[in-house]
């Protein structure tokens with residue numbers, strides 16, 4: 005009996021979530037990484053941080069975090085008291101969500117989250133420079149009503165879920181095979 009109810013309510017719930025969300029969203033801000041005086045961030049702009057290096061992505065607002073840790077975007081998404089709309093953009097046609105990270109010696113120096121037109125399919129692309137600096141761009145497509153995909157490593161989660169599903173399917177088929185024999 006509960007399975008029949010689930011089959012009815014789950015599609016209805018998913019459809020309701022679909023109606024409540026206008027368009028998929030992406031996170032949109034730049035986490036500046038380690039920053040000595042957090043109170044000075046209000047005077048900073050992308051132009052002052054990037055200067056003549058136009059190929060370095062920067063999107064306002066600029067964000068600092070306690071202890072200079074990577075932003076907890078899941079907490080930001082779930083926080084209804086803060087004006088989270090200032091950290092979001094609407095994913096429009098031909099745009100994707102992008103998470104652009106600078107990494108050096110295994111540590112993340114800064115991250116820019118944005119909506120952008122890209123000539124790449126969903127996935128992460130990494131380039132290593134001569135000085136050891138790595139630039140990683142992760143491209144994804146958000147879903148309606150869900151946390152923006154450029155905030156989390158959905159591809160890794162997706163791979164784990166698919167792996168678990170395939171293992172369960174294999175175990176189920178194996179059990180059914182032995183049940184028929186006995």
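Numbering (the numbering used here), first residue to last: 5 to 186. Don't be surprised by glycine CBs; every beta carbon is placed ideally from N, CA and C.
Item, Value
"Residue 128 vs residue 142 beta-carbon contact at 8 Å", "yes"
"Residues of its chain near residue 109, where Cβ-Cβ distance is below 8 Å and the 5 sequence neighbours each way are ignored", "136"
"Contact belief for residue 67 with residue 46 at Cβ below 8 Å, rounded distance in angstroms", "So it is not a contact: roughly 11 Å between Cβ atoms."
"Beta bridge counterpart(s) of residue 81 as assigned by DSSP", "Note: residue 81 sits in no beta bridge, so no partner."
"Whole-Å CB distance - residue 131 paired with residue 139, under 8 Å assumed", "5 Å"
"Status (buried if at least 16 other CB within 10 Å, exposed otherwise) for residue 150", "exposed"
"Paired residues, beta bridge with residue 105 - DSSP", "115 and 140"
"Selection from 72, 50, 62 and 53 that minimises the alpha carbon distance to residue 39", "72"
"Runs of alpha helix (DSSP H) lying entirely within the stretch 28-82, each at least 4 residues, in chain order", "50-54 and 77-82"
"When 133, 82 and 48 are compared against residue 31, the one with the closest alpha-carbon", "82"
"DSSP three-state assignment for residue 147, whether helix, strand or coil", "coil"
"Separation of residue 48 from residue 64, as counted between CA atoms", "10 Å"
"DSSP bridge partner residues for residue 100 (one or two, in chain order)", "120"
"Limits of the beta strand (DSSP E) - the one that residue 93 falls within", "92-94"
"Buried/exposed call for residue 94, threshold 16 Cβ in 10 Å", "exposed"
"Assumed close pair residue 104, residue 115 - CB separation to whole angstroms, cut-off 8 Å", "7 Å"
"Per-residue DSSP class, three states only, for residue 127", "strand"
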